[in-house]
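Here is the structure we will look at, set down as structure tokens.
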Amino acid sequence: RILNLLVIFICINTLVSGETRCVEHDRIALLQIKNRLVDDYALLKSWKNSSTARDCCRWKRVGCNNATGRVVTLDLSGVWSEELEQTLGFNGEIDSSLLSLTSLSYLDLGGNIPSWFWESLNPGLLYLNLSSNQMHGMVPDLVSGKQALIDMSSNKFSDSLPSFPHDTIALILNDNMFSGPISSLCNLTTLNRLDLSNNKLSGKLPNCWNNFESLSILNLEYNEFTGTIPDSIGALQIVSMMSMRGNNLTGEIPSSLSNCTGLQLLDLGENQLLGTIPEWIDERLSMLLVLSLSSNRFHGALPDSLCKLENIQILDLSINKISGNIPKCLDKFSGMTMSNKGTTGASIEYNAIGLSRTRLTSRARYVFKALLQWKGKQSEYQKTLGLVFSLDLSSNRLTGKIPDQITSLSALIALNLSRNSLTGRIPEDIGRLRRLDFLDLSRNDLVGGIPSSLSQLSNLGVLDLSFNNLSGRIPKSTQLQSFDMSSYTANPALCGAPLPNGCPGDGPRTGRQEDVAVEEDDDDDKLISKGFYVSIVVGFAFGFWAFYGSLILKDSWRHAYFEFFNIVKD
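With mature numbering (1 follows the signal peptide of the UniProt record, and there is no 0) applied, the sequence shown corresponds to residues -18 to -1, 1 to 552, in that order.
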């Protein structure tokens, strides 16, 4: 009787714990695969042919069906090392024993692709990850497969896009050499994420976006697309991120885009778009955290409706032909203030994986790249930052005074108003922007003295007030005197250290003075100071970017995410 109870207890315990010993056939196949690999970093150290480790379902990078004990998930990708800044992976070859794992539905080979792979691809696979290889040439049609998630990013694939399974949910093809049009994708009506960035795709954007009711991420940046943005783009009513940066798109932004009320990031920079900044960019797009229309041909005045973007944290309208005054309602940008955020910015929330203005390099390294205008050139700071509050209106035709209301944007880390025709004085309360790391007011017609409150910006790493009509003494402070003379040059009536010309009443100056370097296009200045990393305890956390990195780094998360899509498809 006691023995029977013990057996029942063991059975119940096994069912509750979900533990299942793997099938011997699959265990042998995995060991044969391991024997052909060179595992210098002991990534497969749990794969042992010993009596204490015979259950391959307990091995790392392996997942089993709890009912059958068959191996259903296998991860042979590398691991990104932040310390070494490289991927730690395998050498050697993938043994053909892989074909014996007939129940596989999730396969991640990372950077280890055997030559026979395409011919032997299991049509039952639901997840296919071929990212970060040196694979090149054409990709054959995969239309007969069942892959729901396809990641071929960071390879050298070329030629036109192949056909993909009709039920594909995520298609990640960024950083390749694919070319030609993308109209063949119009039948992938279940897409949740589409990333075609950094390829050589061309032609007009297809007018079939009304087919993609589930699309949350659209990244088409840095291709060679031409023509106008089609009106059907407005059918993407649940899209949260959209980037078409770095193409040759023309015409005006279609008003249908105002229907995309869930947008949190919209980047149309570096195109040939024209017209005025649309007045419908207002409370209808109030969820926007990031808006970039930089490097286009927009003209006319800034509409007051922009001030209804109450959650905006990055606004980049630089390098256009925008004229008129800076709106005084900027203090409505509550996303750029600390009044209702404490010390943290808003997070982009997204129910799946996604990236834009972000680059996945090798394995799981996500790098946020924020672009700023510095001395007339576009520069970027990155270092895995998702923590930027920035206002960039540089290189336009703005006139009038800098509104005092701008000093209420207390979360700002970067403010760039350079290369305009702004007049009047620098706001006296500029020192309220305590978190500023980057301030560029150069090449305007600003007059008067430098406000003493500027010396309170202890985190300031970049300052450029050059080529204005500022006058008087540069306020004395450790901070302001630490900048190079080029930060103040070409203000004839400005005096005091670090400039070589003293102010009236100053005594003789001692010590060697540096030569004034007036080099219009000198871009040697570093954009991020050490002070920035102190101030960046505050911030703008793009939650899903970090989530995607974790998805790759954590086996359990990735497998769970795969299972989620598996359930969705069922």
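All residues carry an ideal CB built from backbone N, CA and C; glycine is no exception.
Counted within 10 angstroms of its Cβ, other Cβ atoms place methionine 120 as buried (16 or more) or exposed: When all chains shown are included, methionine 120 counts as exposed.
Neighbour-count burial assignment, arginine 36, 16 or more Cβ in a 10 Å radius: Arginine 36 comes out exposed.
Thinking lysine 290 and lysine 314 are a contact (beta carbons under 8 Å), I'd like their distance in whole angstroms, please. Lysine 314 and lysine 290 do touch by the CB rule: their CB atoms are close to 7 Å apart, below 8 Å.
Thinking just about the alpha-carbon of each residue, which of Asp422, Ile432, Ala396, Thr319 is nearest to the one in glutamine 387? It is Thr319.
Where does asparagine 473 land, buried or exposed, given buried means 16+ other C-beta within 10 angstroms? Asparagine 473 counts as buried, since no fewer than 16 other beta carbons sit within 10 angstroms of its beta carbon.
So, do the region 80 to 89 and the region 16 to 33 have three or more beta carbon pairs nearer to each other than 8 Å? The region 16 to 33 and the region 80 to 89 do not touch, with fewer than three beta-carbon pairs separated by less than 8 Å.
Give me the Cα-Cα distance between serine 198 and arginine 43, rounded to the nearest whole angstrom. Taking the straight line from one Cα to the other gives about 29 Å.
Quick one: is valine 125 buried, meaning 16 or more other Cβ sit within 10 Å of its Cβ, or exposed? By the 10 Å Cβ count, valine 125 comes out exposed.
Based on the DSSP output, what are the partners of serine 435 in its beta bridges? Partner(s): none; serine 435 has no beta bridge.
Exposure label - leucine 248; buried when at least 16 CB within 10 Å: Leucine 248 is buried by the Cβ-count criterion.
Using a Cβ-Cβ cutoff of less than 7 Å, which residues in the same chain neighbour cysteine 39 once the five nearest sequence positions on both sides are dropped? Correct list, in chain order: Thr2, Arg3, Cys4, Cys46, Gly51.
Measure the C-alpha to C-alpha separation of proline 480 and glutamine 254 and round it to an integer number of angstroms. Inter-residue distance for proline 480 and glutamine 254 is about 42 Å (C-alpha atoms, whole angstroms).
Range of the contiguous alpha helix (DSSP H) that encloses leucine 462: Where leucine 462 is concerned, the enclosing alpha helix (DSSP H) stretches over 460 to 463.
Relative to the C-alpha of aspartate 419, which residue among Thr405, Leu380, Val370, Lys128 is closest? Per the Cα distances, Val370.
Going by DSSP, what residue range makes up the alpha helix (DSSP H) through glutamate 206? No alpha helix (DSSP H) contains glutamate 206, which is instead part of the beta strand (DSSP E) from 206 to 210.
State the DSSP-derived secondary structure class of glycine 228, mapped to helix, strand or coil. Coil at glycine 228, not helix or strand.
To the nearest whole angstrom, what separates the beta carbons of aspartate 213 and proline 188, a pair I think is in contact under 8 Å? With 8 Å as the limit, aspartate 213 and proline 188 do not qualify as a contact, their Cβ atoms being about 12 Å apart.
Identify whether threonine 319 lies in helix, strand or coil by the three-state DSSP scheme. Three-state result, threonine 319: coil.
Quick one: is glycine 106 buried, meaning 16 or more other Cβ sit within 10 Å of its Cβ, or exposed? Classification of glycine 106: exposed, given that the 10 Å Cβ count is below 16.
Grab me the residues of isoleucine 412's own chain with a C-beta within less than 7 Å of its C-beta, minus the 5 sequence neighbours each way, in chain order. Take isoleucine 412, set aside five residues on each side of it, and the residues of its chain with a beta-carbon closer than 7 Å to its own are Thr389, Pro433, Ser435, Leu436, in chain order.
Looking at the structure shown, is methionine 120 part of a helix, part of a strand, or coil, going by DSSP? In the structure shown, the three-state DSSP call for methionine 120 is coil.
On the DSSP bridge list, what partners appear for cysteine 39? In the DSSP assignment, no residue is bridged to cysteine 39.
For serine 390, which of helix, strand or coil comes out of DSSP? Helix.
Which residues mark the beginning and the end of the alpha helix (DSSP H) in which lysine 186 is found? In the DSSP annotation of this structure, lysine 186 is not part of any alpha helix (DSSP H); the continuous beta strand (DSSP E) holding it starts and ends at 182 to 186.
When you compare the CB positions of leucine 442 and isoleucine 456, do they come within less than 8 Å of one another, or not? Cβ atoms of leucine 442 and isoleucine 456: not closer than 8 Å.
For leucine 153 and serine 372, what's the separation of their Cα atoms in angstroms? Going from the Cα of leucine 153 to the Cα of serine 372 covers about 31 Å.
Beta-bridge pairing of glycine 382 - partner residues as DSSP gives them: As DSSP reads the structure, glycine 382 sits in a beta bridge with Leu404.
Take the Cβ of glutamine 246 as the centre, count every other Cβ of all protein chains shown within 10 Å, and call the residue buried at 16 or more, exposed below. Buried, because 16 or more other Cβ atoms sit within 10 Å of the Cβ of glutamine 246.
Distance between beta carbons of leucine 58 and phenylalanine 72, contact taken as under 8 Å: Correct: roughly 7 Å between the Cβ atoms.
Which same chain residues end up closer than 8 Å to serine 424 when comparing Cβ atoms and leaving out the 5 residues on each side of it in sequence? Answer for serine 424: Lys357, Ser400, Arg401, Asp446, Leu447, Ser448, Phe449, Asn450, listed in chain order.
Hey, quick one: how far does the alpha helix (DSSP H) through histidine 281 stretch, first residue to last? First-last for histidine 281: 279 to 283, but that is the beta strand (DSSP E), not the alpha helix (DSSP H).
Alpha carbon to alpha carbon, how far is aspartate 133 from glutamate 64? Taking the straight line joining both Cα atoms gives about 22 Å.
Can you check whether the CB of leucine 428 is closer than 8 Å to the CB of isoleucine 408? Yes, these two residues count as a Cβ contact at 8 Å.
Same chain, Cβ closer than 6 Å to glutamate 256, neighbours up to 5 away in sequence not counted: With the sequence shown as reference, residue 256 is identified as leucine, and glutamate is not the correct amino acid for it. Closer than 6 Å at Cβ, skipping near neighbours: Arg279.
Using the Cα positions of histidine 7 and leucine 70, report the straight-line distance between them to the nearest angstrom. So the two alpha carbons sit approximately 29 Å from each other.
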